[in-house]
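Take a look at the structure set out below.
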Amino acid sequence: MLTQVKPVSPEAVEEAARLIRAGDLVGMPTETVYGLGADALNAQAVLKIFAAKGRPADNPLIVHVSALTEIPPLVRAIPEAAARLMEAFWPGPMTLILPKADCIPDAVSAGLDTVGIRLPASEAARMLIRASGRPIAAPSANRSGKPSPTTAQHVFEDMNGRIPLILDDGPCAVGVESSVIDATGDVPVVLRPGGITPEMIRDVCGGVRVDEHVMRPLEEGEIVRSPGMKYRHYAPRAKTVIFEGEAQRVMETICARYDAAEAAGERPAILGFDEHDFGARTRISLGSVRRPQEAAARLFGALRELDARGETVALCEAVEATGIGLAVMNRMGRAAGFDIERV
Ligand code: AMP
Ligand code: MG
Numbered sequence: 003m004l005t006q007v008k009p010v011s012p013e014a015v016e017e018a019a020r021l022i023r024a025g026d027l028v029g030m031p032t033e034t035v036y037g038l039g040a041d042a043l044n045a046q047a048v049l050k051i052f053a054a055k056g057r058p059a060d061n062p063l064i065v066h067v068s069a070l071t072e073i074p075p076l077v078r079a080i081p082e083a084a085a086r087l088m089e090a091f092w093p094g095p096m097t098l099i100l101p102k103a104d105c106i107p108d109a110v111s112a113g114l115d116t117v118g119i120r121l122p123a124s125e126a127a128r129m130l131i132r133a134s135g136r137p138i139a140a141p142s143a144n145r146s147g148k149p150s151p152t153t154a155q156h157v158f159e160d161m162n163g164r165i166p167l168i169l170d171d172g173p174c175a176v177g178v179e180s181s182v183i184d185a186t187g188d189v190p191v192v193l194r195p196g197g198i199t200p201e202m203i204r205d206v207c208g209g210v211r212v213d214e215h216v217m218r219p220l221e222e223g224e225i226v227r228s229p230g231m232k233y234r235h236y237a238p239r240a241k242t243v244i245f246e247g248e249a250q251r252v253m254e255t256i257c258a259r260y261d262a263a264e265a266a267g268e269r270p271a272i273l274g275f276d277e278h279d280f281g282a283r284t285r286i287s288l289g290s291v292r293r294p295q296e297a298a299a300r301l302f303g304a305l306r307e308l309d310a311r312g313e314t315v316a317l318c319e320a321v322e323a324t325g326i327g328l329a330v331m332n333r334m335g336r337a338a339g340f341d342i343e344r345v
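Under my numbering, the sequence shown has 220 at position 218, and the numbering climbs by one with no breaks.
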C-alpha cells in the first residue's frame, strides 16, 4: 500500500473522511500526538488499528468527538465531576473514562465496561471528525513499543505501507498524550498525566487522586486500572537513566557518567536543558529549563533521535514533577524503566 502524506486542506480532510467512512485508517494530527484513526463504531475498521500498530488487543482505544452533543449516545452516564471537567477543559488534551454504551464495539474498549472519550482542541482533528460524521477511535500512530509520533514524518516512519493517508498539520503543540482521567466516580483519578494537570483538575472538582503507577513500575501480578500501564512504552534502544537533584550536581554527574561511558566504548548522549553547560558532549535539547512545556513538546522526538543516531546510553535531566512536568517525568520514567538516580 502506498502511504500518502498531505498537508491539511479542505480537500485532504474530505479524502481522509471518505477513507474513515469506508472503514480505512488515517494518520491524523491532534494537539497531543498524531493518532491512527478509524470509525469507532465499525469493529472491522478498529481491528485494523491493532494490526497496523502491533498493539495488544487488551489495550483499549480513545474515542474522539468534535462536539459535546456527540457524546450522549456513546456513554451510559455523565457523572457530575465528568461534566465539570468537560466544561472546564474541552476541547483539549484530556480523555475521560466513562461507562460505555452498547454501540461501542468490544474491540474499542478491549472488553471493559468503560470507554475513553476526548474532544480534541486541534482544529484539523475536529474538521476530520465532523467531515466523517463518525466518532473516531484513535490511539497514538506509532508502532507498539515506539515513542508516540509528534510529527507527520514520525507517523510515516512507523506506518509507511500500512495506511493509505497521513494528514500533516506540523509538529504537535502539546507533545505528550492526553491526560487520562477515570471520571466514573465522585473523585477523578489521573491514570495517565498529560496537558491537563492534577492541579488544574483539583481546582475544578475540589479533589483529585493520582494513580500510584504514574511514577513507579508495575510489580509482578499487580492489577492496573488502565491497561496501558502494563506496557513498557517508548523504550529507546539506548540504556536510559534519569538524574534528579540540585542542577549543578546533576550536570556534574551526567558529565562524569558520559565520559565514563565513552571511555568504555559506548555512544552516550545527554537529554538536557539549553541553559545547562555540557561542554562539547552530544546533547539533545529538552528546551528551556524554565518552560517544562518545551520538554513535553520535544521528549518523544528526542527519544526517536537517540535511536536514529544509534546512541547506546542516554543520560537525562529530570524535570520537576509538577504541572506538565508530571507528564514529562511519567513518559521519561517509562522510557528509562523508572531508572531514576537521586544525586
Ligand atoms: P493511546 O491512545 O495509545 O495514547 O493509549 C490510550 C490510553 O488510554 C492507554 O493507556 C489505555 O490503556 C487508556 N485507556 C483507554 N480506554 C480506557 C478505559 N476504558 N479504561 C482505562 N484506560 C483506558
Ligand atoms: Mg500510545
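C-beta atoms are modelled at their ideal positions from N, C-alpha and C, and glycine is treated no differently.
| query | result |
| --- | --- |
| Expected contact under 8 angstroms - CB spacing of Glu277 and Ser290 to nearest Å | 7 angstroms |
| Cβ separation of Ala354 and Leu167, assumed to be a contact under 8 angstroms, to the nearest whole Å | Given that the chain is displayed from residue 3 to residue 345, the structure contains no residue 354 and the question cannot be resolved. |
| Cys207, enclosing alpha helix (DSSP H) - first and last residue | Pro200 to Cys207 |
| Nearest candidate by alpha-carbon position, reference Leu70, set Leu4, Pro93, Glu264 and Pro229 | Pro93 |
| heavy atom of ligand 1 below 8 angstroms from Leu317 C-beta | no |
| Closer than 8 angstroms: Pro62 CB and nearest ligand 2 heavy atom | no |
| Own chain partners of Glu264 with C-beta closer than 8 angstroms, once the 5 adjacent residues on each side are dropped | Pro270 |
| Glu343, DSSP secondary structure in three states | strand |
| Proximity test, Pro399 beta-carbon vs ligand 1 heavy atom, cut-off 8 angstroms | The shown model of the chain, from 3 to 345, leaves out residue 399, and the question about it has no answer. |
| The beta strand (DSSP E) enclosing Ala40, as first and last residue numbers | Gly37 to Asp41 |
| Of the listed residues Glu179, Glu72 and Val35, nearest to Ile131 (C-alpha basis) | Glu72 |
| Proximity of Val35 and Pro151 at Cβ, strictly below 9 angstroms | yes |
| C-alpha gap between Ala53 and Ala59, whole angstroms | 9 angstroms |
| Neighbour-count burial assignment, Ile225, 16 or more Cβ in a 10 Å radius | exposed |
| Unbroken beta strand (DSSP E) run spanning Arg194, endpoints | Val191 to Arg194 |
| Reference Ile256; option with closest CA among Leu100, Gly281 and Pro107 | Gly281 |
| Ser181 CB to nearest heavy atom of ligand 2 below 8 angstroms | no |
| Identified DSSP bridge partners for Cys105 | DSSP output for Cys105 lists no bridge partner at all. |
| Residue span of the beta strand (DSSP E) that contains Gly118, given as start and end | Thr116 to Arg120 |
| Validate contact between the segment 124–138 and the segment 293–300 using beta carbons, cut 8 angstroms, 3 pairs | no |
| Through-space distance from Ala262 to Met30, alpha-carbon basis | 43 angstroms |
| Identity of the residues DSSP links to Phe245 by a beta bridge | Glu319 and Glu343 |
| Environment of Thr199 [buried if 16+ CB atoms lie within 10 Å] | buried |
| Supposed contact pair Gly37 and Ser142 - C-beta distance, whole angstroms, cut 8 angstroms | 6 angstroms |
| DSSP beta-bridge partners of His66 | Arg120 and Ile138 |
| CA nearest to the CA of Gly327, picked from Gly147, Ala47, Ala139 and Val178 | Val178 |
| Proximity test, Ala140 beta-carbon vs ligand 1 heavy atom, cut-off 8 angstroms | yes |
| The segment 157–173 / the segment 77–94 touching (three or more Cβ pairs under 8 angstroms) | no |
| Beta-carbon gap between Leu27 and Lys50 smaller than 9 angstroms | yes |
| beta-carbon Ser111 near ligand 3 non-hydrogen atom, thresh 8 angstroms | The model on display carries ligand 1 and ligand 2 but not ligand 3. |
| Residue of Arg227, Ile203 and Leu305 minimising C-alpha distance to Asp213 | Arg227 |
| For Val212, the three-state DSSP class (helix, strand or coil) | strand |
| Start and end residues, alpha helix (DSSP H) containing Arg269 | Careful: Arg269 lies outside any alpha helix (DSSP H) and carries neither H nor E. |
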